[in-house]
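In the numbering used here, the protein residues as written are 709 to 1330.
Structure follows, in structure tokens:
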């Protein structure tokens, strides 16, 4: 596409240019069909000519819409004043097939390195223990925790992890495996969703922005229900938007199955977020009638059929209260106040969470959000609204909840990734590149501190990682220019951070998770449920690694009743003293340091002040 200088000059455009222009208009979703050949040839960009289109009838069956001004008004050298130009695409060398595979391999290496880490308390360790107990049971419709009925989370995580335990044995990586597969399904679905409306390179960028972010590496490491929820939700949005455009049955059924999986992962929010995104796209594209299409009843039937086993289990365990809890109180009750979980967080809680979870792409995301909101407010035609509408409405809904945790935001991140990826293919002023470079410098400084200062033990292998990846970043910076440099330096910086976190930082942090170490000791020593007790200490990691629910002792009197040769009591310093004062002296002690892995602080990260943050734990062997 060269240029369009005025409306009166349209008649002079050649037939070939008109075909290309009409195909470009189709790619912008001004018409319902699109030629993939023309889309790749003429529409390989994300900076669409937008705002107040003029419709010209240049043939009996062709209508061409030309905007009066572009969303991104930069003109290339040689364009006459007043011309309307299509921005040329940024052709990333990183998007060649070998490079794509290399980038995916880097992400896979980071995730695989973290798959074998100890599971963290509180949630992940509890869910791993419940999945292990379920794998040993034949009552798969009824969830239990420490032998008691459990009414909190839906069963998909427990079903899939229990199945993984049966297939591969009880391991940390086998607990994480189903969730990791869902996470990579989310990466693929992010690509496919973006490809519906944007060029292939923009879709690849969205895939890598999501897959190489702080939040993605954390959700594959500290596995909770939100990892599966995220993968299932973006899959539902992909299928749903594809159905809006093409109306194929398999897309409708795929959307229904993905929504069902999302609801089985974390409840009604699995349907609400796709509804926001798909509904927003239908409304702004003029396809809102699709939302009342009778075929949606078939999709609803598929969802209800998939939810039936879970509903049967809820009713058997908890009656109608269990069904109400799942369909209302668990999600919507957090907004209305009916849910028992509440905290003192403000509506701005997720604002700062979004900034660090989307690193190293935060600057691009903020710019993309500003442009998207501006385009929506001024009614600029854009390729799609599903990403920004779905992300924004979900963000607002989550912010209104009366109980918030950082991982609740994961479900929105694939949509935010699309918003950021569009900016990777848009001209950026020099100040953006400078701010982005300054942010990367700060990340590298933090990475060097983690390796050399925070945990200097066994640092040399990861010092080599820092040097090696630092050299790659420098080479990318020197070899490439513009947004290609921005992408390459950010991606390899985050890859280095992920490798250091999963290979060096978290292994050292988890050494201080005393519950896990005590449970591992009990399993290695062959202790059973009647020879290993916890006195005023407990936790999901203790139960999971011990291999059984560890019984609770309240005081020295209860301990005296169970103490016999071979019995072990795991406790903290004050209750160890109480046992000694009661004359219950062990023949051997195992000493452990404890610090919650989820509550990292600056004093803990400072080796000089770390001892003051640690708690003493003991295993007393009688």
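Even for Gly, the Cβ is constructed at its ideal location relative to N, Cα and C.
Residue i - DSSP class collapsed to helix/strand/coil
{"i": "residue 825", "result": "coil"}
{"i": "residue 778", "result": "Per-residue confidence for residue 778 stands at a pLDDT of 38, beneath the threshold of 50, marking its modelled position as unreliable; the derived number appears in the next sentence. In the structure shown, residue 778 sits in a strand (DSSP, three-state: E or B)."}
{"i": "residue 1298", "result": "strand"}
{"i": "residue 1330", "result": "coil"}
{"i": "residue 877", "result": "coil"}
{"i": "residue 851", "result": "coil"}
{"i": "residue 1324", "result": "strand"}
{"i": "residue 1280", "result": "strand"}
{"i": "residue 1313", "result": "helix"}
{"i": "residue 1088", "result": "coil"}
{"i": "residue 931", "result": "coil"}
{"i": "residue 1065", "result": "helix"}
{"i": "residue 1131", "result": "helix"}
{"i": "residue 1017", "result": "helix"}
{"i": "residue 1142", "result": "helix"}
{"i": "residue 1271", "result": "coil"}
{"i": "residue 954", "result": "helix"}
{"i": "residue 1040", "result": "coil"}
{"i": "residue 1237", "result": "coil"}
{"i": "residue 841", "result": "helix"}
{"i": "residue 748", "result": "Residue placement at residue 748 is flagged as unreliable, the pLDDT there being 39, under the threshold of 50; a coordinate-derived value is accordingly withheld."}
{"i": "residue 1318", "result": "helix"}
{"i": "residue 1203", "result": "helix"}
{"i": "residue 1105", "result": "helix"}
{"i": "residue 1177", "result": "helix"}
{"i": "residue 1110", "result": "coil"}
{"i": "residue 711", "result": "Unreliable placement is indicated for residue 711, whose pLDDT of 35 sits below 50; no coordinate value is reported for it."}
Outcome for residue i when other beta-carbon atoms lying within 10 angstroms are tallied against a minimum of 16
{"i": "residue 661", "result": "Here the chain comprises residues numbered 709 to 1330, so residue 661 is not present and cannot be evaluated."}
{"i": "residue 1130", "result": "buried"}
{"i": "residue 772", "result": "Residue placement at residue 772 is flagged as unreliable, the pLDDT there being 42, under the threshold of 50; the coordinate-derived value follows with that caveat. Buried: at least 16 other Cβ atoms inside 10 Å."}
{"i": "residue 872", "result": "buried"}
{"i": "residue 1288", "result": "exposed"}
{"i": "residue 1201", "result": "buried"}
{"i": "residue 1297", "result": "exposed"}
{"i": "residue 1237", "result": "exposed"}
{"i": "residue 868", "result": "buried"}
{"i": "residue 806", "result": "exposed"}
{"i": "residue 733", "result": "At residue 733, the pLDDT of 40 sits below 50, so the modelled position is not reliable; the number obtained from the coordinates is stated separately. Residue 733 should be labelled buried."}
{"i": "residue 1315", "result": "exposed"}
{"i": "residue 942", "result": "buried"}
{"i": "residue 1058", "result": "buried"}
{"i": "residue 855", "result": "exposed"}
{"i": "residue 931", "result": "buried"}
Beta-carbon proximity of residue i to residue j, cut-off 9 Å
{"i": "residue 865", "j": "residue 971", "result": "no"}
{"i": "residue 965", "j": "residue 1014", "result": "yes"}
{"i": "residue 1195", "j": "residue 804", "result": "no"}
{"i": "residue 1281", "j": "residue 1098", "result": "no"}
{"i": "residue 1248", "j": "residue 1279", "result": "no"}
{"i": "residue 946", "j": "residue 901", "result": "yes"}
{"i": "residue 922", "j": "residue 1277", "result": "no"}
{"i": "residue 1212", "j": "residue 1177", "result": "no"}
{"i": "residue 1226", "j": "residue 1261", "result": "no"}
{"i": "residue 825", "j": "residue 1218", "result": "yes"}
{"i": "residue 1300", "j": "residue 1327", "result": "yes"}
{"i": "residue 1119", "j": "residue 1107", "result": "no"}
{"i": "residue 1199", "j": "residue 949", "result": "no"}
{"i": "residue 1081", "j": "residue 1136", "result": "no"}
{"i": "residue 961", "j": "residue 1010", "result": "yes"}
{"i": "residue 1228", "j": "residue 1305", "result": "no"}
{"i": "residue 1258", "j": "residue 1230", "result": "yes"}
{"i": "residue 933", "j": "residue 973", "result": "yes"}
{"i": "residue 1000", "j": "residue 982", "result": "no"}
{"i": "residue 1100", "j": "residue 1090", "result": "no"}
Identity of the residues DSSP links to residue i by a beta bridge
{"i": "residue 857", "result": "852"}
{"i": "residue 1261", "result": "1243"}
Cβ separation of residue i and residue j, assumed to be a contact under 8 Å, to the nearest whole Å
{"i": "residue 1283", "j": "residue 1244", "result": "5 Å"}
{"i": "residue 1112", "j": "residue 1053", "result": "5 Å"}
{"i": "residue 994", "j": "residue 849", "result": "44 Å between Cβ atoms; not a contact."}
{"i": "residue 1184", "j": "residue 1171", "result": "About 21 Å; that fails the 8 Å criterion."}
{"i": "residue 988", "j": "residue 940", "result": "The Cβ separation is near 19 Å, so there is no contact."}
{"i": "residue 1252", "j": "residue 827", "result": "7 Å"}
{"i": "residue 1128", "j": "residue 1069", "result": "5 Å"}
{"i": "residue 905", "j": "residue 1165", "result": "Their Cβ separation, rounded to whole angstroms, is 49 Å, which puts residue 905 and residue 1165 out of contact at 8 Å."}
{"i": "residue 1266", "j": "residue 1292", "result": "Not a contact, Cβ separation roughly 11 Å."}
Residue i beta carbon near the ligand HEM (any heavy atom closer than 8 Å)
{"i": "residue 884", "result": "The ligand HEM is not among the ligands present in this structure, which contains no ligands whatsoever."}
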